[in-house]
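First up is the structure itself, then whatever we jot down about it.
Residue numbers (our numbering), protein chains in the order written: chain A, 585 to 912; chain B, 14 to 213.
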């Protein structure tokens, strides 16, 4: 049996326990287990156990298996790989070490951030930093005279820019017999390409953004000649230009012999297409490398006839030639 | 055009509801016959000058932008995983405030939190209007009431154990400016600053 005093104490203790909700245990603002987090949208600050805050920063910087060819990340923050684009913050600048996006609206020209400049733009330079209270943006405004040095492109895109600067052209194809001449079945046809830097290579061009340059080298690997008779001739070199002094002999490296005349072809000619296979290799100043394949095509037409017996009257100049069957 | 401080109006409107402020015959214009004593910002201008139609329109537009911009941020906080920058900008969030909002949205996304319930803007009053600036500007005072809102975990729907705090009704002072978007296009009103100044 409890004494009345002890009973009252017990009841008070039970009541006190009942009025403390499970989530309202006492804490002090200077409790090292808690961290103060402020919500600028709602305008209030509260406390939360540090253990409740995800340390996403640690997760993000966990090194993964490095790509075999990647010596250095394209976008980096203090040497650590950084996504080059952030949908909310803009594009990463290796020079500024932050994501840049043009501030909207632009501050008035009287704003000190312009520092007297009347050209260029003000950019929001933001990156995330992690603290006890979680990751938050660290933002500053920067004036830049033109477009920033953001790595908006990956090296592959820069490689394509370098290739575009090469102005690769279709192969200037030549044949013997030529386009205005008539060849003969079973006689050699010579095929070749006039070489130049941008039709055969090698050709080297570079494309850059601040902090990153990609150098590409292009060279034709082979030319595939589609002869129009169902046959394709692959020539690993440009071929040999024909000269009359060669007489009637086969091209040493790139040629063809038609088995049939072009009589049945549209316009009485074979449609000949030459496709140059470009092999393009590139490498970036940050160690990335890669290959690009590209083709360029050119076309011509070849008329192929056949040798027919010609009857010559030995007593005169009359020549008897069989009439063409189909107007070719 | 001179800057027109309207702190007397702000004090009056802050005591009223948003509807009362907007519903007056000339919304945003200070009551010419205040029933309660008000303070004037400068002794040399004891009476608030009458607002022009242009200023009244600017105030209405700025208020509408404030409400729309805030609503877009609140919507984003209700599902941070699906939020993006574009609707925030379109709704008139800009300048440093846009980055502040994005920061908070990203933080809650990263933490796996979201906002549930309703955040009320219970009073919008005018502090000043200045259409003579390079970027016409309206300063507003507002009360943000988040007493009916909670922060919950996305994964469980349970409340985030936030403790203590300084109250759910917070007074904000905001700057709304008229300027073209950085991408170009017609001028629009932007909420570029919204800072808490205390309780309301």
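From the three backbone atoms N, C-alpha and C, an ideal C-beta is built for every residue, glycine too.
Element boundaries [alpha helix (DSSP H), containing residue i]
i: residue 237(B); result: Because residue 237(B) is not part of the residues shown, which for chain B are 14 to 213, the question remains open.
i: residue 108(B); result: 108-124
Residue span of the beta strand (DSSP E) that contains residue i, given as start and end
i: residue 811(A); result: Where residue 811(A) is concerned, there is no enclosing beta strand (DSSP E), given that its DSSP letter is neither H nor E.
i: residue 712(A); result: 705-715
i: residue 739(A); result: Here residue 739(A) belongs to no beta strand (DSSP E); instead the alpha helix (DSSP H) covers 739-750.
i: residue 912(A); result: Element bounds for residue 912(A): n/a, residue is neither H nor E.
i: residue 878(A); result: 873-889
i: residue 683(A); result: 682-686
i: residue 186(B); result: 182-192
i: residue 790(A); result: 787-793
i: residue 760(A); result: 757-760
i: residue 622(A); result: 618-623
i: residue 675(A); result: 674-677
Assigned secondary structure, residue i (DSSP; H/G/I helix, E/B strand, else coil)
i: residue 852(A); result: helix
i: residue 694(A); result: coil
i: residue 139(B); result: strand
i: residue 101(B); result: helix
i: residue 206(B); result: strand
i: residue 94(B); result: helix
i: residue 833(A); result: coil
i: residue 635(A); result: helix
i: residue 828(A); result: helix
i: residue 155(B); result: strand
i: residue 132(B); result: strand
i: residue 169(B); result: coil
i: residue 6(B); result: The structure shown does not extend to residue 6(B), since chain B is modelled only from 14 to 213, so the question has no answer here.
Cβ of residue i within 7 Å of any chain B Cβ
i: residue 625(A); result: yes
i: residue 728(A); result: no
i: residue 708(A); result: yes
i: residue 669(A); result: no
i: residue 632(A); result: yes
i: residue 745(A); result: no
i: residue 874(A); result: no
i: residue 721(A); result: yes
i: residue 718(A); result: yes
i: residue 650(A); result: Because residue 650(A) carries a pLDDT of 38, less than 50, the predicted location of this residue cannot be relied on, and the following value inherits that uncertainty. For residue 650(A), the answer is no, since every Cβ of chain B falls outside 7 Å of its Cβ.
i: residue 694(A); result: yes
i: residue 724(A); result: no
i: residue 617(A); result: no
i: residue 604(A); result: Legend: pLDDT at residue 604(A) = 32, less than 50; position of this residue unreliable, value from coordinates given subsequently. No, residue 604(A) lies away from the interface with chain B (no Cβ there is under 7 Å from its Cβ).
Residue from the options with nearest C-alpha to residue i
i: residue 771(A); options: 829(A), 810(A) and 833(A); result: 833(A)
i: residue 631(A); options: 637(A), 854(A), 619(A) and 624(A); result: 619(A)
i: residue 178(B); options: 212(B), 200(B) and 196(B); result: 212(B)
i: residue 732(A); options: 739(A), 706(A) and 750(A); result: 706(A)
i: residue 626(A); options: 67(B), 63(B), 84(B) and 97(B); result: 84(B)
i: residue 764(A); options: 888(A), 697(A), 797(A) and 718(A); result: 888(A)
i: residue 133(B); options: 185(B), 62(B), 205(B) and 70(B); result: 185(B)
i: residue 195(B); options: 106(B), 86(B), 96(B) and 165(B); result: 106(B)
Neighbour flag for residue i against chain A, beta carbons, 7 Å
i: residue 182(B); result: no
i: residue 134(B); result: no
i: residue 131(B); result: no
i: residue 148(B); result: yes
i: residue 54(B); result: Note that residue 54(B) has pLDDT 41, beneath the 50 cutoff, so the model's placement of it is unreliable and the number below is only indicative. No, residue 54(B) lies away from the interface with chain A (no Cβ there is under 7 Å from its Cβ).
i: residue 71(B); result: no
i: residue 138(B); result: no
i: residue 11(B); result: The requested residue 11(B) does not occur in the structure, where chain B is confined to residues 14 to 213.
Is the number of C-beta pairs between the segment 712-725 of chain A and the segment 844-851 of chain A that are closer than 8 Å three or more?
-> Two segments are said to touch when three or more pairs of C-beta atoms, one from each, lie closer than 8 Å; by this definition the segment 712-725 of chain A does not touch the segment 844-851 of chain A.
Check whether the segment 67-86 of chain B touches the segment 179-197 of chain B, counting contact only when three or more Cβ pairs, one atom from each stretch, lie closer than 8 Å.
-> Contact between the segment 67-86 of chain B and the segment 179-197 of chain B is present, because at least three Cβ pairs lie under 8 Å.
May I ask you to verify whether the segment 113-131 of chain B touches the segment 147-156 of chain B, counting CB pairs closer than 8 Å and requiring at least 3?
-> Short answer: they don't touch.
Counting Cβ pairs, one atom from each stretch, are 3 or more of them under 8 Å apart for the segment 742-754 of chain A and the segment 786-796 of chain A?
-> Proximity of the segment 742-754 of chain A to the segment 786-796 of chain A meets the contact definition, three or more beta-carbon pairs being nearer than 8 Å.
Would you be able to state if there are at least three C-beta pairs under 8 Å between the segment 657-672 of chain A and the segment 194-205 of chain B?
-> Cβ pair count under 8 Å is below three, so no.
Is the segment 781-789 of chain A touching the segment 823-832 of chain A, taking contact as three or more C-beta pairs under 8 Å?
-> Under the 8 Å Cβ criterion, the segment 781-789 of chain A does not count as touching the segment 823-832 of chain A, having fewer than three qualifying pairs.
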